[in-house]
Structure formats: structure tokens, C-alpha cells
Amino acid sequence: MTTEQATAPSPLQDRYDARTGEVHLSGLHALVRLPLDQVRLDRARGLDTGVFVSGYEGSPLAGLDLQLHRQSPLLAEHGVVFKPGVNEELAASAVQGSQIASASPERIGDGVVGIWYGKAPGLDRATDAIRHGNLSGTDRRGGVLALVGDDSTAKSSTVPSSSEAAIAELGMPCLVPADPGEVLDYGLHGIALSRTSGLWVALKLATNVVDGSGTVHLDPTRVEPTEPDRTFDGTEFEHEVTGHLLQPVLGRLERSQSRERLEVARRYAAANRLNTIIGDPTATLGLACAGAVYLEVRQALAEMGITEQTLRESGVRILKLAMVHPLEPGIVAEFAEGLSEVLVVEEKKAFIELALKDLLYGQAGAPRVLGKRDQEGSELFRADGDLPADYIAARLGPRIRDHGGPASVAAWLEAQSRARRVPTLLPILPRTPYFCSGCPHNSSTRVPDGALVGGGIGCHAMIAMLPEERSGETIGLAAMGVEGSAWIGMSPFVTRDHLFQNIGDGTFHHSGSLAVRNAVASGAHMTFKLLYNDTVAMTGGQAPVGKMTVPQIVTELLAEGVRRIVITTDDPQASRRAFGRGRLPRNASIRHRDDIIDVQDELAKIDGVTVLIHEQECATELRRKRKRGLVETPDRRILINERICEGCGDCGDKSNCLSVQPVDTEFGRKTQIHQGSCNLDFSCIKGDCPSFVEVVPATGQKPRSDRTGRPAPASSAVGRAVDPDSLPTPQVHVSDLDFTMRITGVGGTGVVTVAQVLAAAAARAGLNCVGLDQLGLAQKGGAVVSDVRLSSAEIIGSNKIGPGACDLYLGCDVLVAAAQANLAVIDPERTYAVVSTSASPTGGMITDPTVTFPETQVLVDRIEWGGRRPENVFVDVRDEIGTILADDAYANVFLLGVAVQAGVLPISPADIEWALDLNGVQVERNLLAFRLGRSYVAQGASSGAGSDDAPSKTARLVQEIAGVVHSAEGSALASAVAIRVEELIAYQSARYARRYVAEVELVRAAEESALGSPSGEIAEEYARQLFKVMAYKDEYEVARLGIDAAFTAQVEEQFGAGARHSYLLHPPILKALGLKRKIRLRGWWARPALRILYRLRGLRGTRLDVFGYAKVRREERALIVDYVRAMREATARLTAHNADQVRVLAGLPEWVRGYEEIKLHSLETYYARRAELSQLLAGQ
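Final position of the sequence shown in the working numbering is 1208; the numbers increase by one with none missing.
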């Protein structure tokens, strides 16, 4: 990207208001500014023009409509009318109308500019409307610009795209910008070109351009279009707009479009020098490219030593195409002069290559043109995926060398042959996109066992990433608006007789209602699941255009012939009120969302088309409304008592919620509610478990997201000095000349915001900046990557960092940071790593208790392998800030402070703080987080990670009993036994604890005797698991842990002194009597009852134990006997050869988890596996 030197800071609104100077713009910001600049140019010329904008959102243009809405007052002031379309083709026809108005004698003002926008699939479906509009043409004082978003790698699409061929087939000139500055320039040229040619003009917008950003120099004279010669056969051509597309008018329109209008486009490109030639005038090798690929080519050349300063003597000439269709013959002839070979570098299928060959074919001395294949027919530049700089360099290098290129190219090729090969690392747990906490789709996408499901466009498409037993067997994803139609052609030829088809409310309003009509007309047997969350969430949270209420949709569907409709909702009473008194149609009903499986079973039995409408607001939008005070925030929170929790995962399975997070403790894997991300859906309490507690926080107290709720350890950042004047000035170790930085993290946690803050700080520091936010589905909890390049000099090249080219690797999430694709950019002699080691669970860990987070050290080692090891910084940020800031949302800013103070970021703390203030979001808390990060480095603190070990008492009784196990003082075995002896005394009695240590000592002694070493690994595992088996959580133990003083202190620590809590219980007796939900027991009167129950623990296992007769209690007691016997038999046969098998046997109870039926089911798994191991050991 060609950037200009930034000289002064500017408020964020300057990106739209400023007329001169430098601003930092993303591609999306440039598109919002474009109509404003067009009006300003017209007004300067004395023209009173308006602008009409319409289209439909979709990546990479997903947020364009939101940005336009946010600038509504400014747009209105400039005469810009924004009317988003229900779908792309309707929007295109509306834009056609702007030109009819512009040519009308009744028009208001001098003319109307039309701007259409849509992603590539939107262009595909709107082709007929655009074809009509382009034939009809544009007015001399109007013009139409079509903004086409291309997602070449399908990061946020169901298909990859490259739209040049479709644009050309529609007869539209196609301009391809490379960066935000060119978005502005080419957009203004495109409108001028449209006016003079009478054609719609397309602006092809790649993801890297729209999601990229850079410093842009503003100048009102930057684009001053030159009018081309429009003379044909002695007559000046001027197109007249008409909507009468019938013969003979249609014939004249077709001829002018293919002749005069496209020729005027060529002449415009020549007159305005849109396409440029740079490089060596004596070269024999030429490179032709356009848009973002041009920047990748320049980056590739720079890596081989061909820079802006040496390009003219490099033996290479570059044709940078702004307009790829139609190609302007003059510039091509000028470019080809003296060349023997031209390489066309372009993504996807050959387009520029074919056009160049067509123009050069038969010309004397024409060069050989190669692109997708070389002269021998082998692949040269691939037609799939993208073309990054390193890929391009590997293919250009040998060609440049063979054409007598500079010595630096041969040296680079030699260095590549000797370069350290990055090994293929073992796969690790991936950070994949997932439904947001409290998302309606966590409930709505559940289906009965064995169901067949059709996917579609929307967040609900992520069911394809979920286990089949949860979301059904999917037949695949459908294009937008055709949901369910595949079943019409599939059903006559398969044994299945019913399909559940998911469809979002955004898709339904867009075009999906026709799919329902089509299904009814075909007589299909299927159920549409209309997921009504009031938001087009995947593209930024817009309300569907033309949104109907649920009652309106019900009326329409019944009129279409749908046989039966059931509305499931979290608030049935509110849904009934929406219909009004007595107005619920006869074939429609309302049920609670808890009944969604039963409802689907019922609908599947009805012939024909049925519809389930799941009405529940998008959790993310609901959270935003609560923050803005638009809706009331519930005053209650949910907390899990981790000691009662069995870590079975049932609450995660029931809720599918990312805020229900696993956590490792001294007593094994447990579950916690992450308060900072919880969206207060409360579906987690459906988990069959007595560990849930409902808390009403103390007045004014914000819940803390500290994992334990305990005070932070003394080594943490809490209480440190955070006065910025008291912190030493960082000693910067990196240069501000082409500094590169990669930020990795989790979508929705502020990674992109950090990149934006850095861009603003860089501008204030006088640095140029380019960046790229690689998002995809990241906003749904997946991996997100932001690349940032800073330089005191002009930046020309890719906004994406190549292999080994990263100076600072800022890992806001250790799992994403350790991914091999991201680690490719680091280099052991160049890269500093600053990484948070806090473990944030993945979606898979929520519902499957067998999925564990990789060991932190394993992830750290992967990062350390490629970075500058002595200087790297790894810090558990959540532990450092969790207590003082009460929310780990500030973790990324803390990490930014660490990087600045460590001297690995060439921006001053003052500039960063200025940018944080400019951002205007939670300024004081973000400043505190930033200063805490600096303080962490300045004071040389450790990671601050506290021990999870429960504090052990020193009572003589505990020491006496624990001492039976002969292990070294302070060893892992001794510590584990001491902690558990104390617990078992409280659980039952000292006698019970002595029984425990006696068994542990038997195993320890057997291990030492058999293996010749007192390592105690088997004994330690046995000590942990035997405790778990013996301290089974019956009613007495749940009572004890529920009134535990440590838990009460945790409640007050997290929710404030005076917080009230209630127990959410589902007693087996009441469950057997038919109670389907948990009851709430207020703490103030429940605690005395629980104390009495705990005091009755002496009855446990006796004939007077009324709870002991339940099947699960009998099985728990039997498990103790079985496990002890199995381990005695195994240790009697213990040898060095079978030690690993015995260790596995010792750990089997770890997977006995849960309560009631869940525990009984896990016991079946235990006994099956124990039998296998016992048999295996007995046969040795």
C-alpha cells in the first residue's frame, strides 16, 4: 500500500469529515466516505447531486450498512439516501431507478448517483436485475457504482469467489483497488466513468482490502477526472437512460453497450492513466497484476531485494491494472514493448491472462504470456486459494534470475534452499468458531435422535462443526433462499421420510419465504425450523430489512398452506400477548423452549410442511441492549459450587454455552460460570446437578470473573503502583522502520480493537500504518488474527505478514498463538513473543468432558521454538488482572502494556494512552490495564499464578492419619493424602480416613517393592481416585459443601458483601414424583436445614440412611469395594512391564462423574473398561 507520512492526530470522525491531511481508514471506512466525497466534488463543480445507496450485507461488506446507519446525520446532510434492500436483486432494481430519476425532467437537483453493494453470491443472484440496469444505463450527472465483495478463501462464505468474469459478462467495467486509498480513488473514478460511458461500473473489493486499513492522504484534487473523447463517426456519443427494454430500443441498447459504451470506458482509462507501468524500461520480463495481488507481488519482490529504489534497474517491468475489464489496448502495447515474457499473477481462474493474450495475439514481437500454467503446461500460479507473497516469490524468483535479474534474487534463492525448514508440529486442540454464550441456537438447533437436518446461511450453519448426536445428521449447507429445496429432489430416492430444515429469520425475509412456498407446492414432508432471533447476527447484528413480527409470519405461512406451526420460546406469555386476545390461529400453538424436542417429534408425524418458529432474541444483541439501558438486566447470577460439581459436562451439554467452562482443580476437573462473558440465559441450570447457586449481587457490585473468587496472590498486579510517572521509560529494542506485528486471539475479545488503537497511536507518533484483520467466523469465538505494519517510511507491500517476517508476536490467546499456521510468521533471530498463557476453553470442551486443554508448557514450547527465547514474555493475564479489574475483557490491553514496557513495540506509552482515550470505551479501566501491564514488566513480577491447592490444616489428627502413608514430606503423594484425610474426616469420620490411608499405603508399598523406586506415581493417582470413590456426593456431603465457609466467602468475594444466594436443587424424591424443574431454596432458611442434614452423616450407609436405598447410592458403595479389590489384585501382579496399565486402572474413576442417571451411565463405562484391564493384567 502506498501511504503518506502521518503528521498529526485526528478525532475518529475525521475519517469522514476531514478534507485534507492524513487519516487512518479501513476499506469499510473508505466505502462510507466515498459517497460523501462524491457529493463534495459535485458541489465544488456547482452540481446539486444526490446519492442513493442500496444493497444487502455479506462478507466482506458485512458491516457496510451498519457504518452507513451510524453516519445517518452526516449522510443526510450531504444528500445521501440509504435504503438497504430486502435482497440483492431488489436493491439492484432500486439503484436502476435512481438513474431513471436522474434522467427524468421531474428530478430534484441535477442528478443522482446510484451505489449498489453485495458479496459475490449476491452478485450472482442479482445478475438479471443488474443486466437490466446496465442495459438501461446511467445518466451523465448520475452514474452507478456496483460494490462487489469477494471472499476468495471463503473464510466467511460457503463458496470461494472471484467476480471479474461475472462482472465482465454483465458488460460492466471492473476496477480493482488494492488498499483503502484506492477504494476512494477508484470509487470516484468509477462514478465519473459511469457518467461518461453510460455503464454501471463495478468495484471488485477483496477481503484483504475491505478488512485492511492504512494511512490515507486526503486532498480534494486527488481525483480530477479527465473527460475522454466520445466521438464516433464524427458524432459525440451520449447515452440516454431508458427503462423501455423492448425491441427495437433493446437492440440499440445492446449495440451501444458492446460498442460505444465499452469503448468509452477504454478511452477513459487511457485519458486518466488508471493503469500504470512501473519498473525497468529495458526489462525483458513483465509482470501483470491488479488489486491486492499487486501488493503481494511488490512484497515478494522486496523479499528478493527488489525495492522501490532498485525496481528501475531490476530487469522487471510491472503493469498495475486498475481496470481489468475492458483492457485498454494502448497501455498493454506500451507495457509489452521489448518484453520477451509476461507473467500474469492473479487469483482464481485466468481472466487478465486471457484478455492479455487476446490483445497481443498476432502482434509482431509479442511476448509469451504465461499465468496459470508455464510453457510446459505445468502449474505456475494456482487457481485455488489465495496468492500470498511467499508463494509468489518462490515462482517469480527463478524467472527473474533467468532473465538476468539482480544478484539479490539469486542470493535469495540460494538462501531459501538452505533455510531452516519449519517442522510439521503435532496437531493441537483447534480454536473453532462456536455459538455465543446464551445464543438461541444453543437450544433451537437441537433435534430428536436420528434426525436428518438441512443447513443454511446464518450462524446456525455452525451445527456442521458440532457432534451429530446433538444437531442431527446434516445433508449439507444450502445457498441462501433455497433452504429445503434439495429435500424435494432427495426424498423420493431415500428411505428417510422427513427432514428438519434450519432457516434464519434474516434468510426468511431475504428470500427464504419462497423456499417454504416451494416445499408446500411440492408436497414435501418436512419441518422448517425458523430461527427467529430478531437479528442478522452473522453480518453484524442488523435487523432484517422488511422485518415481520412472529404473528405476521404465522399468518403468512398458514396462508401459504403450512399444515401446523408451533412457536417455542423462553417466554410463552410474552409470545401469547403478541397475538392479542383470542387471536392465535387454530393451527398454531406456543410452547416453552424446554419442549423443543417433543415439539419436533410431534411435527415430524404430520404429513406435509410444518414449521417450528423458535423465538428468542440474539444473545449478543441482548447484551448490547442491556449495556445501553434499552432492556432490563436480570438482577440474578448463576454460580457453580465447584466442590459439589462432578465435572460431568451435563450443564454444558444442556446449555451448549461457552460461559460454562471447565476448570482443573485439586479435586479434578470441575465447571465454572465465566461471569464476564455470561449472557444470563440460565439454561445451564438444567444440568442434572445440585451444584448450582443463584446469587443476587450486592447493590452496585459487578460480578468478578476471577476464576476462584479468592484474593489474588501477593505476586499479582493487584496493589502495585500504576502511576505512569512512576514507571521507567521503556528501552526500545526494535526499529520503527518497517516494524511488523501479529496479534492473535479469540473473536469478540477485542483483538481488532487493539489493532485499531495501535493504528491511532502510530498516526500520533508520525508513523505510517497498514493492517489486516483476518476474521472469518472469528466473532463467533473462533481464532482471529490481526497483522499490523508500522514504518517511519512509505509502506509499499502486503498488509499480511509473511513467513518469518514478524517482529512482535502478541498472543492474546495461547491456543491460537500456538497454531502452526500463525507460528509460520515468527523467526528465532527476529521475533519477540509476548503471550498470555491464560487458558480459555474451546467449544468442544464445553460439551465433552473428555476434551482437555493442552498443557500450557506444551503450547509455550511450540511458541518458544520459533521466537527469541530469552526475551519472550509469557504471563497468565487472567490471574494478573482478574481481581483488580473484575473482568478479563481488559486482558489484551494489559498484554499491550507488557509489550510496550518490554521495549518490543516502537510506540511510546503516551501515544498508546492517547489512543485508548480516543477510542472512548471504558477509558479509565483500559488505561489501568495498560499501566498494570507495564508495571508487571517494570517490577519483574512472575506470572502471578496462584496454587489451586486447598490450604491444609496442621491438626495432630490429620498428621497422625496421613503419616500412615510413607512418603517424603512435601512430595505430591504426601500433599494429596494430607488434603484428602482432612476432607474425609469432615466427610464422615477419622475412622473412615484411616481406612483410606491404609489402602493407599498398601498400593504405595506394592509399587515401591515391584518397581524398586518410591516414585509413588501409581500411589498418588490411587490416592486421588480412591478419595473420589469414597467421598461420593450423597445428600449429606452436598449439604456440607453447600454450607462450607470457603464457598460463602467466595460468593461475597465475587458478588460483594451482602450478596444473597439460593440453592437450586432437584431432589431425586421430587423428581420421581414428576417435578421437572429445580426448586429454589433461599439460603437464609435453607442453611440451617442443611446443617442438620450434615450432622446426620453418621447414618450414611446404615439401615437408617433413607437416602442409601436409592440405586445410585448402592452403586456408589459397590464401586468402593470393586475399585479397592481391582487395585489390590493389580498391584499384586505389578511389574515394570505392566506399570502403565496399572496406572491407567488407578485412574479409571476419574471418568465416573455426575449425579443420578449420568453417574449410572458412567459407571457402565467404568466397569467395562475395568474388566478389560483386569483381564489383561491377569493374563500376564
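Glycine included, every Cβ here is placed at the ideal spot set by N, Cα and C.
What are the boundary residues of the alpha helix (DSSP H) that residue i is part of?
i: L1191; result: 1184-1206
i: A1000; result: 1000-1015
i: S222; result: 208-225
i: F1083; result: 1073-1083
i: T1130; result: Note, T1130: premise wrong, no alpha helix (DSSP H); not H, not E.
i: R153; result: 148-153
For residue i, which residues from the same chain have a beta carbon less than 7 Å from its beta carbon, with the 5 sequence-adjacent residues on both sides left out?
i: G677; result: T875, D876, P877
i: V1031; result: I1046, A1047, Y1050, M1155, T1159
i: T31; result: Unreliable placement is indicated for T31, whose pLDDT of 37 sits below 50; the coordinate value is still reported in the next sentence. Contacts found: G242, T243, N796, V798, E822, I823.
i: D93; result: E85, P112, Q570
Residue j and residue i - do their beta-carbons sit closer together than 7 Å?
i: T768; j: I829; result: yes
i: S472; j: H620; result: no
i: L151; j: A194; result: yes
i: V141; j: L96; result: no
i: A845; j: T772; result: yes
i: E1143; j: L1093; result: no
i: V993; j: P718; result: no
i: F556; j: V548; result: no
Taking the alpha-carbon positions, what's the residue i to residue j distance?
i: D629; j: M554; result: 12 Å
i: E908; j: S711; result: 30 Å
i: Q987; j: A1006; result: 7 Å
i: R43; j: D207; result: 15 Å
i: L75; j: D213; result: 20 Å
i: N561; j: D663; result: 23 Å
i: G696; j: E1178; result: 8 Å
i: P426; j: D751; result: 56 Å
i: E857; j: V187; result: 39 Å
i: V813; j: K183; result: 12 Å
i: K1056; j: T535; result: 50 Å
i: E375; j: L339; result: 23 Å
i: S465; j: A632; result: 29 Å
i: A1206; j: Y1024; result: 25 Å
Going by DSSP, what residue range makes up the beta strand (DSSP E) through residue i?
i: S814; result: 811-819
i: R1088; result: 1088-1093
i: D239; result: Element bounds for D239: n/a, residue is neither H nor E.
i: D414; result: Segment: none, D414 is in no beta strand (DSSP E) and carries neither H nor E.
i: A230; result: 228-234
Taking 8 Å as the limit between beta carbons, can you name the residues of its chain near residue i, skipping five residues before and five after?
i: Y1020; result: L1012, I1013, M1058
Within the same chain, show all residues whose beta-carbon is closer than 6 Å to that of residue i, passing over the 5 residues directly before and after it, in chain order.
i: V921; result: N954, A957, F958
i: I634; result: R591, R592
i: V573; result: P112, V114
i: A320; result: A206, A234, N236, V237
i: D709; result: G466
i: L441; result: G425
Does the distance between the C-beta of residue i and the nearest non-hydrogen atom of the ligand GTP fall short of 6 Å?
i: V992; result: The model on display carries no ligand, and the ligand GTP is accordingly not part of it.
Should the segment 340-359 be called in touch with the segment 299-315, which here means at least 3 C-beta pairs below 8 Å?
-> By the Cβ criterion, the segment 340-359 is in contact with the segment 299-315, since at least three pairs of Cβ atoms, one from each stretch, lie closer than 8 Å.
Would you check if there are 3 or more beta carbon pairs closer than 8 Å linking the segment 237-249 to the segment 157-166?
-> Touching, no.
Would the segment 761-776 and the segment 834-843 be scored as touching if the rule is three or more Cβ pairs under 8 Å?
-> yes
Should the segment 1114-1128 be called in touch with the segment 1158-1166, which here means at least 3 C-beta pairs below 8 Å?
-> no
Inter-stretch contact at 8 Å, needing at least 3 Cβ pairs: the segment 478-491 / the segment 504-513 = yes
Using 8 Å as the threshold, is the segment 213-233 in touch with the segment 272-289, meaning 3 or more CB pairs across them?
-> yes
Does the pairing of the segment 235-245 with the segment 269-283 give three or more beta-carbon distances under 8 Å?
-> no
Quick check: the segment 63-72 against the segment 107-117, are there 3 or more CB pairs under 8 Å?
-> yes
Segment contact, 8 Å Cβ cut-off, at least three pairs: the segment 596-611 with the segment 515-527 | no
Examine the Cβ distances between the segment 782-791 and the segment 756-763 and report whether three or more of them are shorter than 8 Å.
-> No, the segment 782-791 does not touch the segment 756-763.
Is there contact between the segment 1070-1086 and the segment 1125-1143, where contact requires at least three CB pairs shorter than 8 Å?
-> no
Counting Cβ pairs, one atom from each stretch, are 3 or more of them under 8 Å apart for the segment 785-796 and the segment 937-950?
-> yes
Any chance the segment 321-333 sits against the segment 384-396, with 3 or more Cβ pairs inside 8 Å?
-> no
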